[in-house]
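This report refers to the structure that appears directly beneath it.
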Amino acid sequence: MQTLQRLTVIGVGLIGSSFALKLKQLGLVDEVVGCGRNRVNLIRAIELGVIDRAESDPTLAVADADLVLLAVPLGSIAPIYRRIQPYLSRNAIVTDVGSAKASVISEIAGLLGECPANFVPGHPIAGRERSGVEAADSELYQQHRVILTPLTHTNTEAITRVSQLWQAVGAQVSMMTASYHDEVFAATSHLPHLLAFALVDMLNEHPELGNVFQYTAGGFRDFTRIASSDAAMWRDIAIQNHSAILKWLEAYQAELDKLAELLNKQDATELHQLFTAAKTARDAHIVNRAP
Ligand SMILES: NC(=O)C1=CN([C@@H]2O[C@H](COP(=O)(O)OP(=O)(O)OC[C@H]3O[C@@H](n4cnc5c(N)ncnc54)[C@H](O)[C@@H]3O)[C@@H](O)[C@H]2O)C=CC1
Ligand SMILES: O=C(O)C(=O)Cc1ccc(O)cc1
């Protein structure tokens, strides 16, 4: 595969660093420029071999880059794109990793007049509750999906190039519309994160229980691991995909109402049926593996 001469990663955290690290290990990039606001993090990124050079000004960081990866929290993607746009090389491809897609696309279109043809919106479905360059893992994308949500006018060569690079770092690439993406991930990712935050917050707000967390077992740990995720990242996701999340939150609320009614009626048969249906679906569809 054709190597990248210069990859610029804006936002040298878990997601951007893991991508850069694997490409460097594979020898698929000559130079990685890292850009961020936290100087200590950038110096650490050089020490860890994630980036070759640090640049705090994004307009300077993108000079002569053939690929720019925007790996910052959702609310910062479009404003950064507006800043770097005049400084991009003519053939530079820009892609992002934001967890919601329609808002990113519409904000970029709003700020730039239209969504540039060389912008390939993306979202790796891999990650964890840890943040920053220290969490970088070159194997993070191995056998995980990456969703691309290109527009009809997105440059096909840019789509192919971005797909090839994600495949090179181990991912399986799928394409879908941004609105379908946001609906699916509101239900399967954003809702579970909000539920985990809500459960831990609710228990934390009930001091009469004492330190209830000391009595938790593996099930609680599994259910709430993601409540240790970065608060600012999840604030941005919740705000930017609020309408799809609200829809699934309401559906979940209806399910909880159904459960409460079954408990009230002590309807063992219906409860057993509901639990069996859920177990059958999970056992059939979810392969147990690391996140
Ligand atoms: N953490 C996860 O599991 C996943 C996250 N994502 C998406 O990836 C993006 C990045 O997430 P992570 O790598 O987990 O976060 P992170 O917190 O590990 O890294 C983000 C980096 O961006 C920097 N940053 C923040 N605002 C900036 C700005 N305005 N200019 C320059 N740098 C800035 C931060 O200092 C930090 O180094 C988010 O948009 C998130 O929605 C996508 C898939 C999984
Ligand atoms: O930690 C986990 O299990 C996750 O689910 C990570 C994750 C967080 C956000 C995404 O947009 C995609 C994946």
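Just so you know, we're using UniProt numbering here: the sequence shown kicks off at 1 and counts up by one. For each residue, glycine too, the CB sits at the ideal point set by N, CA and C.
Under 6 angstroms from any heavy atom of ligand 2, does the C-beta of ILE51 make it? Mapped onto the sequence shown, residue 51 falls at position 51. Not so, every heavy atom of ligand 2 lies at least 6 angstroms from the Cβ.
Assign ASN118 to one of two classes, buried (16 or more other C-beta atoms within 10 Å of its C-beta) or exposed (fewer than that). Here residue 118 refers to the residue found at position 118 when the sequence shown is read from its first residue. It counts as buried.
Close beta carbons around ALA71, own chain, < 7 angstroms, minus the five adjacent residues each side: For the purposes of this step, residue 71 is identified with residue 71 of the sequence shown, where counting begins at 1. Here the set comprises VAL9, ILE10, GLY11, GLY13, ILE15, GLY16, VAL97.
Check for me: the beta strand (DSSP E) holding PRO86 runs from which residue to which? Locating residue 86 in the sequence shown gives position 86, where the first residue counts as 1. Counting along the chain, PRO86 falls outside any beta strand (DSSP E), and DSSP gives it neither H nor E.
For GLN167, which residues from the same chain have a beta carbon less than 8 angstroms from its beta carbon, with the 5 sequence-adjacent residues on both sides left out? In the sequence shown, counting from the first residue as 1, residue 167 sits at position 167. The answer, listed in chain order, is VAL173.
Use the C-beta contact count for MET1: other C-beta atoms within 10 angstroms, 16 or more gives buried, fewer gives exposed. Along the sequence shown, read from residue 1 onward, the residue named residue 1 stands at position 1. Exposed.
List, from N- to C-terminal side, the alpha helix (DSSP H) runs of 4 residues or more that fit wholly inside the stretch 205-252. The DSSP assignment places complete alpha helix (DSSP H) segments of no fewer than 4 residues inside the stretch 205-252 at 218-224, 231-240, in order along the chain.
Output the distance between the C-alpha atoms of GLY34 and ILE46, rounded to the nearest integer angstrom. Reading the sequence shown from its first residue, position 34 is the one you call residue 34. Reading the sequence shown from its first residue, position 46 is the one you call residue 46. Taking the straight line joining both Cα atoms gives about 9 angstroms.
Taking DSSP as the reference, what is the three-state secondary structure of MET202? Here residue 202 refers to the residue found at position 202 of the sequence shown. Helix, per DSSP.
Looking at ligand 1, does it come within less than 6 angstroms of VAL12, judged from the CB to the closest heavy atom? As a working mapping, residue 12 is identified with position 12 in the sequence shown. Yes, the beta carbon of VAL12 sits closer than 6 angstroms to at least one heavy atom of ligand 1.
Exposure label - SER18; buried when at least 16 CB within 10 Å: Sequence index remark: in the sequence shown, residue 18 carries index 18 (1-based). Counting Cβ neighbours within 10 Å, SER18 comes out buried, since at least 16 surround it.
Distance CB(VAL29)-CB(LEU60) smaller than 7 angstroms: In the sequence shown, the residue the question calls residue 29 occupies position 29. In the sequence shown, the residue the question calls residue 60 occupies position 60. No, they are not a contact pair.
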